[in-house]
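Participant: I have a structure I would like to understand better, so I am pasting it below and will then ask my questions one at a time.
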Amino acid sequence: MSKIALPSGSFPHHAYVSPDRNTLAVSLPGMDFSGGHGDGGHGGMPMPGRIALLDLNSGQIKSIKNTPAMHHNAIFSPDGKEIWAAAMESRGRVFVYDANSFALLNEIPVGQKPAEITFSADGQKVFVANGGSHSVSVIDPFKKEVISTLAVGKNPVGAWVGSDQRMYVDNEESQSISVINSRNLQIEQTLPLGFMPGMAALHPNQTELWVSDAQNGKVVVFSRLQETQTFTRNRELSTGAGAHAIAFSKDGKKAFVSNQEAGNVSVIDVLLFKKERDLRVGNKPNGLALR
34 MSKIALPSGS FPHHAYVSPD RNTLAVSLPG MDFSGGHGDG GHGGMPMPGR
84 IALLDLNSGQ IKSIKNTPAM HHNAIFSPDG KEIWAAAMES RGRVFVYDAN
134 SFALLNEIPV GQKPAEITFS ADGQKVFVAN GGSHSVSVID PFKKEVISTL
184 AVGKNPVGAW VGSDQRMYVD NEESQSISVI NSRNLQIEQT LPLGFMPGMA
234 ALHPNQTELW VSDAQNGKVV VFSRLQETQT FTRNRELSTG AGAHAIAFSK
284 DGKKAFVSNQ EAGNVSVIDV LLFKKERDLR VGNKPNGLAL R
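Mapping the sequence shown onto the working numbering, position 97 (from 1) lands on 130, and the numbers just tick up by one.
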(Lines of atoms letter the chains of each structure in order from A; the text may use other names.)
(Lines give C-alpha, C1' and ligand atoms only; values in the text may rest on other atoms or scores of the structure.)
Protein backbone atom coordinates (compact mmCIF):
# COMPACT_ATOMS: atom_id res chain seq x y z
CA MET A 34 0.00 0.00 0.00
CA SER A 35 1.34 3.43 -0.97
CA LYS A 36 0.28 6.90 0.12
CA ILE A 37 0.41 10.24 -1.65
CA ALA A 38 0.86 13.23 0.65
CA LEU A 39 -1.41 16.21 -0.05
CA PRO A 40 -1.23 19.73 1.42
CA SER A 41 -2.14 20.00 5.10
CA GLY A 42 -5.71 21.08 5.75
CA SER A 43 -6.91 20.25 2.24
CA PHE A 44 -9.38 17.54 3.39
CA PRO A 45 -9.27 15.46 0.16
CA HIS A 46 -12.79 14.46 -0.76
CA HIS A 47 -13.92 11.77 -3.22
CA ALA A 48 -11.74 10.38 -5.98
CA TYR A 49 -12.40 9.54 -9.62
CA VAL A 50 -10.12 7.67 -12.02
CA SER A 51 -9.63 8.89 -15.58
CA PRO A 52 -10.92 6.63 -18.39
CA ASP A 53 -7.35 5.62 -19.31
CA ARG A 54 -6.81 4.59 -15.64
CA ASN A 55 -3.69 6.74 -15.34
CA THR A 56 -4.89 9.79 -13.40
CA LEU A 57 -6.89 10.34 -10.23
CA ALA A 58 -8.92 13.52 -9.73
CA VAL A 59 -9.48 14.51 -6.09
CA SER A 60 -11.31 17.54 -4.75
CA LEU A 61 -9.58 19.51 -1.98
CA PRO A 62 -12.42 21.51 -0.39
CA GLY A 63 -10.47 22.49 2.72
CA MET A 64 -13.44 21.44 4.84
CA ASP A 65 -14.40 18.29 6.74
CA PHE A 66 -17.67 16.75 5.49
CA SER A 67 -17.45 13.58 7.58
CA GLY A 68 -20.32 14.64 9.86
CA GLY A 69 -22.70 15.31 6.99
CA HIS A 70 -23.42 18.28 4.79
CA GLY A 71 -25.80 20.31 6.94
CA ASP A 72 -27.99 22.54 4.81
CA GLY A 73 -26.36 21.50 1.60
CA GLY A 74 -22.78 22.51 2.16
CA HIS A 75 -21.09 25.23 4.18
CA GLY A 76 -23.87 27.81 4.31
CA GLY A 77 -23.34 29.09 0.78
CA MET A 78 -20.47 31.48 1.61
CA PRO A 79 -18.06 31.76 -1.32
CA MET A 80 -14.84 29.85 -0.70
CA PRO A 81 -12.09 29.01 -3.18
CA GLY A 82 -11.28 25.40 -3.91
CA ARG A 83 -8.60 23.17 -5.35
CA ILE A 84 -8.49 20.05 -7.47
CA ALA A 85 -5.57 17.63 -7.33
CA LEU A 86 -4.56 15.43 -10.24
CA LEU A 87 -2.49 12.42 -9.18
CA ASP A 88 -0.39 10.12 -11.37
CA LEU A 89 -1.48 6.56 -10.58
CA ASN A 90 1.57 5.01 -12.19
CA SER A 91 4.24 6.98 -10.35
CA GLY A 92 2.26 7.79 -7.22
CA GLN A 93 3.17 11.46 -7.61
CA ILE A 94 1.14 14.66 -7.69
CA LYS A 95 0.79 15.82 -11.29
CA SER A 96 -0.73 19.17 -10.41
CA ILE A 97 -2.96 21.02 -7.96
CA LYS A 98 -5.27 23.56 -9.55
CA ASN A 99 -6.87 26.52 -7.78
CA THR A 100 -10.55 27.03 -8.60
CA PRO A 101 -13.07 29.84 -7.90
CA ALA A 102 -15.14 27.71 -5.51
CA MET A 103 -14.76 24.60 -3.41
CA HIS A 104 -16.06 21.34 -4.84
CA HIS A 105 -17.56 18.17 -3.45
CA ASN A 106 -15.84 16.18 -6.18
CA ALA A 107 -14.13 16.45 -9.55
CA ILE A 108 -14.89 13.91 -12.26
CA PHE A 109 -13.56 13.14 -15.73
CA SER A 110 -15.87 13.10 -18.72
CA PRO A 111 -16.23 9.62 -20.29
CA ASP A 112 -13.79 10.54 -23.07
CA GLY A 113 -11.25 11.86 -20.55
CA LYS A 114 -11.01 15.25 -22.24
CA GLU A 115 -12.82 17.26 -19.56
CA ILE A 116 -13.01 17.59 -15.79
CA TRP A 117 -16.36 18.58 -14.29
CA ALA A 118 -16.85 20.10 -10.82
CA ALA A 119 -19.72 21.95 -9.11
CA ALA A 120 -19.35 25.13 -7.05
CA MET A 121 -20.76 24.52 -3.56
CA GLU A 122 -22.33 27.96 -3.27
CA SER A 123 -25.82 29.47 -3.17
CA ARG A 124 -25.23 30.55 -6.76
CA GLY A 125 -24.76 27.02 -7.98
CA ARG A 126 -22.58 26.51 -11.03
CA VAL A 127 -20.86 23.66 -12.78
CA PHE A 128 -17.37 24.29 -14.14
CA VAL A 129 -16.09 22.31 -17.11
CA TYR A 130 -12.30 22.31 -17.49
CA ASP A 131 -9.98 21.05 -20.18
CA ALA A 132 -8.36 17.97 -18.63
CA ASN A 133 -4.93 18.79 -20.05
CA SER A 134 -4.59 22.56 -19.80
CA PHE A 135 -7.21 23.04 -17.07
CA ALA A 136 -8.59 25.98 -19.02
CA LEU A 137 -12.19 26.79 -18.11
CA LEU A 138 -14.36 25.72 -21.05
CA ASN A 139 -17.88 26.21 -19.75
CA GLU A 140 -19.82 27.48 -16.77
CA ILE A 141 -23.34 26.07 -16.35
CA PRO A 142 -25.86 27.45 -13.81
CA VAL A 143 -27.59 24.83 -11.63
CA GLY A 144 -29.44 24.81 -8.29
CA GLN A 145 -28.29 26.09 -4.92
CA LYS A 146 -25.31 24.57 -3.12
CA PRO A 147 -24.61 21.70 -5.51
CA ALA A 148 -22.58 18.79 -4.17
CA GLU A 149 -21.65 15.63 -6.12
CA ILE A 150 -21.60 15.64 -9.91
CA THR A 151 -21.83 12.31 -11.76
CA PHE A 152 -22.34 10.88 -15.25
CA SER A 153 -24.99 8.36 -16.22
CA ALA A 154 -23.75 4.87 -17.09
CA ASP A 155 -24.03 5.57 -20.83
CA GLY A 156 -22.33 8.96 -20.50
CA GLN A 157 -25.24 10.77 -22.13
CA LYS A 158 -26.28 12.83 -19.11
CA VAL A 159 -24.70 14.61 -16.15
CA PHE A 160 -26.44 14.70 -12.77
CA VAL A 161 -25.86 17.37 -10.13
CA ALA A 162 -27.28 17.05 -6.61
CA ASN A 163 -28.40 20.51 -5.45
CA GLY A 164 -28.39 20.32 -1.65
CA GLY A 165 -29.83 23.79 -1.14
CA SER A 166 -32.59 23.44 -3.74
CA HIS A 167 -33.58 19.85 -2.85
CA SER A 168 -33.30 18.96 -6.51
CA VAL A 169 -31.15 17.28 -9.15
CA SER A 170 -30.07 19.16 -12.27
CA VAL A 171 -29.66 17.05 -15.41
CA ILE A 172 -27.20 18.39 -17.98
CA ASP A 173 -26.60 17.50 -21.62
CA PRO A 174 -22.80 17.00 -21.57
CA PHE A 175 -22.47 17.83 -25.27
CA LYS A 176 -24.60 20.99 -25.41
CA LYS A 177 -23.49 21.99 -21.90
CA GLU A 178 -26.99 23.00 -20.81
CA VAL A 179 -29.51 21.90 -18.20
CA ILE A 180 -32.26 19.80 -19.78
CA SER A 181 -34.27 18.99 -16.64
CA THR A 182 -34.49 19.75 -12.93
CA LEU A 183 -36.00 17.02 -10.75
CA ALA A 184 -37.38 17.57 -7.25
CA VAL A 185 -36.07 14.96 -4.82
CA GLY A 186 -35.77 14.74 -1.02
CA LYS A 187 -34.25 17.32 1.28
CA ASN A 188 -30.50 17.95 0.99
CA PRO A 189 -29.49 15.51 -1.76
CA VAL A 190 -25.75 14.89 -1.79
CA GLY A 191 -25.13 12.69 -4.83
CA ALA A 192 -26.86 10.92 -7.70
CA TRP A 193 -24.90 7.67 -7.63
CA VAL A 194 -24.71 5.86 -10.93
CA GLY A 195 -26.12 2.36 -11.41
CA SER A 196 -25.29 -0.01 -14.24
CA ASP A 197 -29.07 -0.41 -14.76
CA GLN A 198 -29.38 3.11 -16.24
CA ARG A 199 -30.71 4.47 -12.98
CA MET A 200 -29.29 7.05 -10.60
CA TYR A 201 -29.62 6.63 -6.84
CA VAL A 202 -29.89 9.94 -4.98
CA ASP A 203 -29.10 9.98 -1.26
CA ASN A 204 -31.17 12.62 0.53
CA GLU A 205 -29.50 13.35 3.87
CA GLU A 206 -32.19 15.36 5.63
CA SER A 207 -35.11 13.32 4.28
CA GLN A 208 -33.24 10.10 5.07
CA SER A 209 -34.30 8.57 1.78
CA ILE A 210 -33.12 7.40 -1.64
CA SER A 211 -34.68 8.75 -4.84
CA VAL A 212 -34.42 6.31 -7.77
CA ILE A 213 -34.21 8.16 -11.10
CA ASN A 214 -34.52 6.47 -14.49
CA SER A 215 -31.71 8.14 -16.41
CA ARG A 216 -33.36 7.49 -19.78
CA ASN A 217 -36.77 9.09 -19.24
CA LEU A 218 -35.82 11.17 -16.16
CA GLN A 219 -38.70 9.85 -14.10
CA ILE A 220 -38.44 9.19 -10.36
CA GLU A 221 -39.41 5.53 -10.06
CA GLN A 222 -39.23 5.11 -6.30
CA THR A 223 -38.53 7.02 -3.11
CA LEU A 224 -37.02 4.60 -0.64
CA PRO A 225 -37.36 5.53 3.07
CA LEU A 226 -34.30 4.61 5.13
CA GLY A 227 -34.74 5.62 8.75
CA PHE A 228 -31.12 6.80 8.88
CA MET A 229 -28.99 9.46 7.20
CA PRO A 230 -27.39 7.90 4.12
CA GLY A 231 -23.71 8.32 3.39
CA MET A 232 -23.67 6.86 -0.11
CA ALA A 233 -25.58 4.37 -2.26
CA ALA A 234 -24.09 1.77 -4.61
CA LEU A 235 -25.81 -0.73 -6.89
CA HIS A 236 -24.20 -4.17 -6.93
CA PRO A 237 -23.06 -5.31 -10.40
CA ASN A 238 -25.77 -8.00 -10.41
CA GLN A 239 -28.29 -5.11 -10.30
CA THR A 240 -30.43 -6.86 -7.68
CA GLU A 241 -29.03 -5.22 -4.54
CA LEU A 242 -28.66 -1.60 -3.50
CA TRP A 243 -26.15 -1.02 -0.71
CA VAL A 244 -26.51 2.12 1.42
CA SER A 245 -24.05 3.22 4.10
CA ASP A 246 -25.28 4.25 7.56
CA ALA A 247 -22.51 6.34 9.09
CA GLN A 248 -24.22 6.97 12.42
CA ASN A 249 -24.55 3.25 13.13
CA GLY A 250 -21.39 2.10 11.35
CA LYS A 251 -22.95 -0.33 8.90
CA VAL A 252 -24.21 -0.95 5.39
CA VAL A 253 -27.87 -1.69 4.77
CA VAL A 254 -28.81 -3.79 1.73
CA PHE A 255 -32.05 -3.41 -0.20
CA SER A 256 -33.13 -6.16 -2.60
CA ARG A 257 -34.93 -5.54 -5.88
CA LEU A 258 -38.25 -7.30 -6.29
CA GLN A 259 -38.54 -8.83 -9.76
CA GLU A 260 -42.27 -8.27 -10.02
CA THR A 261 -42.22 -4.53 -9.37
CA GLN A 262 -38.53 -3.66 -9.89
CA THR A 263 -38.68 -1.77 -6.60
CA PHE A 264 -36.39 -2.18 -3.59
CA THR A 265 -37.17 -3.46 -0.11
CA ARG A 266 -34.91 -3.63 2.94
CA ASN A 267 -33.27 -7.04 3.30
CA ARG A 268 -30.15 -7.23 5.51
CA GLU A 269 -27.37 -5.22 7.14
CA LEU A 270 -23.75 -5.65 8.14
CA SER A 271 -21.58 -3.75 10.61
CA THR A 272 -18.41 -2.38 9.04
CA GLY A 273 -16.94 0.39 11.19
CA ALA A 274 -17.60 3.81 12.69
CA GLY A 275 -18.57 6.40 10.10
CA ALA A 276 -19.30 3.99 7.23
CA HIS A 277 -19.36 6.02 4.03
CA ALA A 278 -18.23 5.11 0.51
CA ILE A 279 -19.05 1.75 -1.07
CA ALA A 280 -17.34 0.18 -4.08
CA PHE A 281 -17.48 -3.27 -5.65
CA SER A 282 -14.84 -5.30 -7.45
CA LYS A 283 -15.54 -5.80 -11.17
CA ASP A 284 -16.72 -9.37 -10.60
CA GLY A 285 -18.94 -8.28 -7.73
CA LYS A 286 -17.40 -10.75 -5.30
CA LYS A 287 -15.88 -8.14 -3.00
CA ALA A 288 -17.27 -4.94 -1.52
CA PHE A 289 -15.17 -2.18 0.00
CA VAL A 290 -16.51 0.30 2.56
CA SER A 291 -14.59 3.31 3.86
CA ASN A 292 -15.15 3.94 7.57
CA GLN A 293 -14.34 7.58 8.24
CA GLU A 294 -14.27 7.56 12.02
CA ALA A 295 -12.54 4.18 12.25
CA GLY A 296 -9.84 5.19 9.78
CA ASN A 297 -10.05 1.99 7.77
CA VAL A 298 -11.62 0.26 4.78
CA SER A 299 -13.66 -2.91 5.30
CA VAL A 300 -13.33 -5.73 2.78
CA ILE A 301 -16.53 -7.76 2.50
CA ASP A 302 -17.18 -11.15 0.93
CA VAL A 303 -20.43 -10.41 -0.90
CA LEU A 304 -21.55 -14.03 -1.33
CA LEU A 305 -21.05 -14.87 2.35
CA PHE A 306 -22.06 -11.34 3.37
CA LYS A 307 -19.22 -11.34 5.86
CA LYS A 308 -16.48 -8.86 6.64
CA GLU A 309 -13.11 -10.42 5.83
CA ARG A 310 -10.80 -7.77 7.25
CA ASP A 311 -10.19 -4.08 7.80
CA LEU A 312 -7.43 -2.25 5.97
CA ARG A 313 -5.86 0.56 7.97
CA VAL A 314 -5.57 3.74 5.90
CA GLY A 315 -5.26 7.45 6.68
CA ASN A 316 -7.53 9.54 8.89
CA LYS A 317 -11.16 9.93 7.85
CA PRO A 318 -11.17 8.06 4.52
CA ASN A 319 -14.21 8.96 2.42
CA GLY A 320 -14.08 8.35 -1.32
CA LEU A 321 -13.21 5.01 -2.92
CA ALA A 322 -12.02 4.51 -6.49
CA LEU A 323 -10.97 1.07 -7.70
CA ARG A 324 -8.43 1.04 -10.48
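Positions of the beta carbon are idealized from the N, C-alpha and C atoms, including for glycine.
Taking Lys98 as part of the beta strand (DSSP E), name the residues at either end of that continuous run.
Facilitator: Here residue 98 refers to the residue found at position 65 of the sequence shown. Counting along the chain, the beta strand (DSSP E) containing Lys98 begins and ends at 93-100.
Participant: For a test of the three-state rule: what should DSSP assign to Met229, helix, strand or coil?
Facilitator: Residue numbering aside, residue 229 sits at position 196 when the sequence shown is read from its first letter. Residue state, collapsed to three classes: coil.
Participant: To test your reading of the DSSP string, which unbroken beta strand (DSSP E) runs of 3 or more residues are found completely within the region 141-173?
Facilitator: 147-152, 159-163, 168-173
Participant: Tell me which residue opens and which closes the beta strand (DSSP E) that Asn200 is part of.
Facilitator: The residue labelled residue 200 in the question sits at position 167 within the sequence shown. Just to set this straight, residue 200 is Met in the shown sequence, not Asn. Start and end: 199-204.
Participant: Please work out which residues of its chain come closer than 6 Å, Cβ to Cβ, to Arg216, disregarding the five sequence neighbours upstream and downstream, and give them in chain order.
Facilitator: For this step, residue 216 is matched to residue 183 along the sequence shown. Cβ neighbours of Arg216 beyond the five flanking positions: Gln198.
Participant: What's the C-alpha gap between Leu312 and Ala132?
Facilitator: As a first step, residue 312 is located in the sequence shown; it is residue number 279 there, counting from the start. As a first step, residue 132 is located in the sequence shown; it is residue number 99 there, counting from the start. In a straight line, the C-alpha of Leu312 is about 32 Å away from that of Ala132.
Participant: Evaluate the contact criterion for the region 284-292 versus the region 254-265: three or more CB pairs, one atom per stretch, below 8 Å.
Facilitator: no
Participant: Taking 8 Å as the threshold (C-beta atoms), are Ala154 and Met121 in contact?
Facilitator: The sequence position of residue 121 within the sequence shown is 88, counting from 1. The sequence position of residue 154 within the sequence shown is 121, counting from 1. In this structure, Ala154 does not lie closer than 8 Å to Met121 by Cβ.
Participant: Under the DSSP definition of a beta bridge, which residues are partnered with Arg83?
Facilitator: The residue you call residue 83 lines up with position 50 of the sequence shown. According to DSSP, which records beta bridges pairwise, Arg83 is partnered with Leu61, Asn99.
Participant: Is Gln222 helix, strand or coil when you go by DSSP?
Facilitator: Against the sequence shown, residue 222 aligns to sequence position 189. Strand.
Participant: Give me the residue from Pro318, Asp284, Ala233, Gln157 with the minimum Cα distance to Asp302.
Facilitator: As a working mapping, residue 302 is identified with position 269 in the sequence shown. Among Pro318, Asp284, Ala233, Gln157, the Cα nearest to that of Asp302 belongs to Asp284.
Participant: Verify whether the separation of the beta carbon atoms of Gly320 and Ala107 is less than 8 Å.
Facilitator: Translated into the one-based positions of the sequence shown, residue 320 becomes position 287. Translated into the one-based positions of the sequence shown, residue 107 becomes position 74. Their beta carbons are not under 8 Å apart, which means Gly320 does not touch Ala107 by this criterion.
Participant: Could you pull out every unbroken alpha helix (DSSP H) segment of at least 4 residues lying fully inside the region 239-313, listed in chain order?
Facilitator: none
Participant: Applying the 10 Å Cβ sphere with the 16-neighbour rule, what's the burial state of Ile180?
Facilitator: Your numbering for residue 180 matches position 147 in the sequence shown. Classification of Ile180: exposed, given that the 10 Å Cβ count is below 16.
Participant: When you compare the CB positions of Val171 and Pro189, do they come within less than 8 Å of one another, or not?
Facilitator: In the sequence shown, the residue the question calls residue 171 occupies position 138. In the sequence shown, the residue the question calls residue 189 occupies position 156. Going by C-beta atoms, Val171 is not nearer than 8 Å to Pro189.
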